[in-house]
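A.B. asks:
Protein chains in written order, with our numbering: chain A, 1337 to 1690; chain B, 1337 to 1690.
#1: Looking at C-alpha atoms only, which residue of 1519/B, 1522/B, 1523/B and 1498/B is the closest neighbour of residue 1511/B?
#2: Is it right to say residue 1590/A is buried, meaning 16 or more other beta carbons lie within 10 angstroms of its own, or is it exposed?
#3: Can you give me the start and stop residues for the beta strand (DSSP E) that residue 1568/B sits inside?
#4: What are the boundary residues of the alpha helix (DSSP H) that includes residue 1552/A?
#5: I'd like to check one pair, residue 1415/B with residue 1599/B: are the Cβ atoms closer than 8 Å?
#6: Among the candidates 1689/A, 1625/A, 1649/A and 1582/A, whose CA atom is the shortest distance from the CA of residue 1676/A?
#7: Could you check whether the Cβ of residue 1546/A sits closer than 8 Å to any Cβ belonging to chain B?
#8: Give a yes or no on whether the C-beta atoms belonging to residue 1543/B and residue 1493/B are separated by under 8 Å.
#9: Hey, does residue 1514/A have any beta-carbon neighbour from chain B nearer than 8 Å?
#10: Taking the runs of the beta strand (DSSP E) that are 3 residues or longer, which of them lie wholly in the region 1549-1625 of chain A?
#11: Determine which residues share a DSSP beta bridge with residue 1636/B and list them.
#12: Starting from residue 1663/B, find everything on chain A with Cβ-Cβ shorter than 9 Å and list it in chain order.
#13: So, residue 1321/A versus residue 1620/B, is the Cβ gap smaller than 8 Å?
#14: Residues in its own chain within less than 6 Å of residue 1671/A by CB, not counting five upstream and five downstream?
#15: Leaving aside the five residues before and after residue 1674/B along the sequence, list all residues of the same chain whose C-beta is less than 6 Å from its C-beta, in chain order.
#16: Between the region 1591-1622 of chain A and chain B, which residues of the former have a C-beta closer than 7 Å to a C-beta of the latter?
#17: Out of 1550/A, 1596/A and 1643/A, which one is the CA nearest neighbour of residue 1586/B?
#18: Determine, using beta carbons only, whether residue 1435/A and residue 1445/A come nearer to each other than 8 Å.
#19: Run through the region 1383-1471 of chain A for me and flag every whole beta strand (DSSP E) of 3 or more residues, listed as ranges in chain order.
#20: Run down chain A in chain order and give the residues with a C-beta less than 7 Å from the C-beta of residue 1489/B.
#21: Suppose you measure from the CA of residue 1297/B to the CA of residue 1550/B; what does that come to, to the nearest Å?
#22: Out of 1490/A, 1561/A, 1665/A and 1678/A, which has the shortest C-alpha to C-alpha gap to residue 1581/A?
#23: Taking C-alpha atoms, which residue in 1635/A, 1455/A and 1480/A lies nearest to residue 1470/A?
#24: Just the chain A side, please: which residues come within less than 8 Å of residue 1577/B by C-beta, in chain order?
#25: So, at 6 Å on beta carbons, what are the nonlocal neighbours of residue 1615/A in its own chain, with the 5 sequence-adjacent residues on each side left out?
#26: Are the region 1409-1427 of chain B and the region 1471-1482 of chain B in contact at 8 Å, needing three or more beta carbon pairs?
#27: Rounding to the nearest angstrom, what Cα-Cα distance links residue 1404/B and residue 1548/A in this structure?
#28: If you measure from the beta carbon of residue 1689/B to each beta carbon in chain A, is any gap under 8 Å?
#29: Could you tell me how far apart the beta carbons of residue 1513/A and residue 1500/A are, in whole angstroms, since I believe they sit closer than 8 Å?
#30: Pull up the CB-CB distance for residue 1681/A and residue 1387/A, whole angstroms please, since I reckon it's below 8 Å.
#31: By the criterion of Cβ-Cβ separation under 7 Å, what are the contact partners of residue 1569/A in chain B?
#32: Just curious, the alpha helix (DSSP H) that residue 1537/B is in, first and last residue?
#33: Thinking C-beta only, is residue 1607/B closer than 8 Å to residue 1623/B?
#34: How would you label residue 1449/B, buried or exposed, when you count the other beta carbons within 10 angstroms and need 16 or more for buried?
#35: If you reduce the DSSP assignment to three classes, tell me which class residue 1485/A lands in.
#36: Of all the CB atoms in chain A, is at least one closer than 8 Å to the CB of residue 1667/B?
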C-alpha cells in the first residue's frame, strides 16, 4: 500500500485508543524471579532464564557456526532481522514514533497559529478526546505529514535526535533508549559475536529509527530497514545537493512489505527473524523459507507487572499495538517457531532493573 | 520516473544504435606504456600511472584516515560509491545487461513460438535492423518485461549467473567478469583496506549486478544499489514464502535517483564517488556535499586503442552509453573533481593485459 495514510494511521491508531480511554488491561501475574545461572560468567544470554527459548537461540548459533554440521551457514549468509516495536523495545501504551509526532504538533504550534482553530491539530493541542476519537484517515495523514515531512533529511535526523534525548516514556519515566529489552540486546550481541549481521526491520519510520539505532542497538543506519518516504534531490542556497522529504510514501515496511524490503536491501533471506505481531508474520515465514537452519522467534507480551500483557493469542483484548492473534500463535506452533514468554523466559527485561 | 519503459529504453538505446549500424568512432591514439614504479611492492595502486588522479586517491585516503588531520573521517562514515557501467567495467559497445536481455529473447524463443511472428521479438530473432531502428518505447518495454520479470527472485538470480558464466564480450571475446577495470579493483581494495565500505551504485538492474558482485568486485549483494523492480510476496506450492518479480519499477537509480537511493539504503552521504556520465552527476555532487574531505572522480573514455573513446567532453560523438557532456566536464573542473584519463592515468586497464 502506497498510501501514506495507511502508514500514519497505523501509528496513530493507538494514540486514538489511548486518548479515547482504552486501557491496557494489566493482570496480576507475578514476574518470574531471576536466579543467576551457575556459569553466569560464560553465559552469553544472562538475562534469559533457562528454557526452550534460550535453548533455541543457543542451539541455532551452535548449529550454524559448526563447519562439520550439515546446517552450517556460511558467514556471508548470517543475517538476523529484528522487528523493533514490541520486539526489541516497549511499544505500549503507544509507539514512540506516535509520541514523537504528538510532541511535534506541540513543538511546531508556535509556527502554526492556524492550528489553534484548525482540526485535527486543534484537537491534539487542546486534548479534545471526543474529537480525536472521530479522527478520519485524512486527519491522521495530515498530522503525520505536517510533523514529519517538508524538511531536509539532515534536519529531520536532528529533530529526532533532540527528541530522543529528552522525551520520556509515560509509565517508566525514563528516556526511550532505556525502553530497550536487555535480553534482546544480548541476543544481538551474541549473534554478532558469531558472525551474524543484525538488522532492524521495522514498520516504523526508517529515518526515525536510524537516528538512534547505533546508540540504542549498536546497529548502524544502513542496517535499519523501515517504512520510508520518497526523497527528492534538490539544491540548497549554497548550491549543494540536499534531499528533501516530500509527503509521499515509498516503502510500507509491514506484513508482506517486510520480506519484500529485506530482499530489496539485502538480496536474500534472513536466517533468523524476531517479531511479535501479525506485521512480522511474513518476515518469519521468509526466514524459514531460506532453507537449512533458521530461527523464528515471536515475543509474547504476557508480563503485565514488569511490562504489559495484551493480545488475542493469550485471550486478552487486542490493543492494536503489535497484534499477536490466535491464528499467528497457531502458525508459530505448527511451524516450529519459538514463542518467547516475557514472563517466563526473561529474567530481566530492562538493564536498569534492580 | 517510475515508468519501466524509461529504465529499459536507456538500456536498449545502444542496442538500437548498434544494430542500426552506429560505430564507436575509434581514434588512433596510442596507449601510454606502463613502467613499473620504483616502489611497486608497496604501491597500493600499481596499475595507475603517477599523476593527479592517482595522487588524489592517495591524498584522500591519507587525509581521511589520519586522526590528527582536521579532515579525518570516522570509520563509520567511510563510504565509497562506484557507478558500474563505464566506471568499473566496459560499457561499450553496449551495456552487458542489454546483451543479457538480447540473449534472453533467443533463449526464451522456444517457449514463445508466437515471437516468430510478433514484433518486436521477431525483429530481434531475425536481426531485422530496419525494424529495430523503428522500435518504440513500448516495444523496448515489452522486451525488457518479457525477459526480466515474471520469475521468482531466486530463479532470476540463477538465470543471470548462468549467463555470466558463458556470455562473452563481442570485442574482447572474454567473459564479462574479465571486463572489469583493474585500476578500479585496486582502488576498491585500497579503500577497503583503509576502512571504507565500497558500494556499487548502478543505473543497471540491482538484481542483475548482485548476481556477480561478490565474484567480480568482492562486494556483497547488500552493497549493490541499483534500479529495482518491486517484488511481490506470495507462496509457492509447498506453502513457502517466495518473492515474484512483477513488471513494475520501484527505483530508477540514475541521475537524482542515485543520491536518493544512496540515502534510502545508507542514511548518509558517501565520502568518495566514482562515475563517468551525467547519470552520476548528482551522486558526485552529493558526495561533495558531505562536508569535510571528499573525493569525486570521473572516468573519461579516451583510449580507443585499449578500450574505447567517446563523448562530447572530448569532442567525440555521444554514443548514448555513458554520456560525458562538456557541461559535466566543466562542472567537474570548476568543483575540483578529478577526471581520470584512461589513456594517461591507467598503466593497465585489464588484469589479463600482457
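Think of the CB as a built atom: it goes at the ideal place given N, C-alpha and C, for glycine as much as any other residue.
Just so we're clear, the structure is a prediction, and the values are computed from it rather than from any experiment.
C.D. replies: For this structure:
#1: Sequence index remark: in the second chain, residue 1511/B carries index 175 (1-based). Measuring from the Cα of residue 1511/B, the nearest candidate turns out to be 1498/B.
#2: Counting from 1 along the first chain, the entry for residue 1590/A is found at position 254. With a threshold of 16 other beta carbon atoms within 10 Å, residue 1590/A meets it and is buried.
#3: Taking the second chain and counting its residues from 1, one reaches residue 1568/B at position 232. In the DSSP assignment, residue 1568/B falls within the unbroken beta strand (DSSP E) covering 1568-1571.
#4: Looking up residue 1552/A in the first chain gives position 216. From DSSP, the alpha helix (DSSP H) with residue 1552/A extends over 1549-1553.
#5: As a first step, residue 1599/B must be located in the second chain, where it is residue number 263. As a first step, residue 1415/B must be located in the second chain, where it is residue number 79. Their beta carbons are not under 8 Å apart, which means residue 1599/B does not touch residue 1415/B by this criterion.
#6: Along the first chain, one-based indexing puts residue 1676/A at 340. Of the listed residues, the one whose Cα sits closest to residue 1676/A is 1649/A.
#7: Here the question's residue 1546/A lines up with position 210 in the first chain. Output row for residue 1546/A: interface = yes.
#8: By one-based count along the second chain, residue 1543/B stands at place 207. By one-based count along the second chain, residue 1493/B stands at place 157. Here residue 1543/B is near residue 1493/B, since their CB atoms are less than 8 Å apart.
#9: One-based indexing of the first chain puts residue 1514/A at position 178. Against chain B, the CB of residue 1514/A has no partner CB under 8 Å away; the residue lies outside that interface.
#10: Those beta strand (DSSP E) runs which fall completely within the region 1549-1625 of chain A and span 3+ residues are 1560-1565, 1568-1571, 1577-1580, 1585-1587 and 1608-1611.
#11: Numbered from 1 along the second chain, position 300 holds the residue referred to as residue 1636/B. DSSP output for residue 1636/B lists 1677/B as bridge partner(s).
#12: Locating residue 1663/B in the second chain gives position 327, counting from the first residue. Those do not exist, as residue 1663/B stays about 15 Å from chain A at its closest Cβ, beyond 9 Å.
#13: Residue numbering for chain A in the displayed model covers 1337 to 1690; residue 1321/A lies beyond these limits and cannot be assessed.
#14: Against the first chain, residue 1671/A aligns to sequence position 335. Beyond the five residues adjoining it in sequence on each side, residue 1671/A comes within less than 6 Å, by CB distance, of no other residue in the same chain.
#15: Position 338 of the second chain, counting from 1, holds the residue named residue 1674/B. Apart from sequence neighbours up to five positions away, the residues of its chain that approach residue 1674/B with a beta-carbon distance below 6 Å are 1389, 1392 and 1633, ordered along the chain.
#16: Taking 7 Å as the Cβ-Cβ cut-off against chain B, the residues of the region 1591-1622 of chain A that qualify are 1592, 1595, 1596, 1599, 1600, 1601, 1602, 1603, 1604, 1618, 1621 and 1622.
#17: In the second chain, the residue the question calls residue 1586/B occupies position 250. Closest option to residue 1586/B, Cα to Cα, is 1596/A.
#18: For this step, residue 1435/A is matched to residue 99 along the first chain. For this step, residue 1445/A is matched to residue 109 along the first chain. Going by C-beta atoms, residue 1435/A is not nearer than 8 Å to residue 1445/A.
#19: 1415-1418, all fully within the region 1383-1471 of chain A.
#20: Against the second chain, residue 1489/B aligns to sequence position 153. The answer, in chain order, is 1599.
#21: Residue 1297/B lies beyond the range of chain B shown here (1337 to 1690); nothing can be said about it.
#22: Walking along the first chain from the start, residue 1581/A turns up at place 245. Cα-wise, what sits closest to residue 1581/A is 1490/A.
#23: Walking along the first chain from the start, residue 1470/A turns up at place 134. Nearest to residue 1470/A by C-alpha distance, out of 1635/A, 1455/A and 1480/A, is 1455/A.
#24: The sequence position of residue 1577/B within the second chain is 241, counting from 1. Within 8 Å Cβ-Cβ: 1595, 1618, 1621, 1622, 1624 and 1625.
#25: As a working note, residue 1615/A is residue 279 in the first chain. 1539, 1590 and 1591, listed in sequence order.
#26: Result no; under three Cβ-Cβ pairs closer than 8 Å.
#27: As a first step, residue 1404/B must be located in the second chain, where it is residue number 68. As a first step, residue 1548/A must be located in the first chain, where it is residue number 212. Computed Cα separation, rounded: 28 Å.
#28: Sequence index remark: in the second chain, residue 1689/B carries index 353 (1-based). Not closer than 8 Å to any Cβ of chain A, the Cβ of residue 1689/B fails to qualify, so no.
#29: For this step, residue 1513/A is matched to residue 177 along the first chain. For this step, residue 1500/A is matched to residue 164 along the first chain. Taking the Cβ atoms as the reference, residue 1513/A lies roughly 7 Å from residue 1500/A, within the contact range of under 8 Å.
#30: Taking the first residue of the first chain as 1, we reach residue 1681/A at position 345. Taking the first residue of the first chain as 1, we reach residue 1387/A at position 51. So it is a contact: roughly 6 Å between Cβ atoms.
#31: Sequence index remark: in the first chain, residue 1569/A carries index 233 (1-based). By Cβ distance, chain B contributes 1592, 1595, 1596 and 1618.
#32: In the second chain, residue 1537/B corresponds to position 201, counting from 1. Judged by DSSP secondary structure, residue 1537/B falls outside any alpha helix (DSSP H) and instead within the beta strand (DSSP E) spanning 1533-1541.
#33: In the second chain, residue 1623/B corresponds to position 287, counting from 1. In the second chain, residue 1607/B corresponds to position 271, counting from 1. Cβ atoms of residue 1623/B and residue 1607/B: closer than 8 Å.
#34: One-based indexing of the second chain puts residue 1449/B at position 113. Flag for residue 1449/B reads exposed.
#35: Translated into the one-based positions of the first chain, residue 1485/A becomes position 149. Judged by DSSP in its simplified three-state form, residue 1485/A adopts coil rather than helix or strand.
#36: Position 331 of the second chain, counting from 1, holds the residue named residue 1667/B. Judged by the 8 Å Cβ criterion, residue 1667/B is not in contact with chain A.
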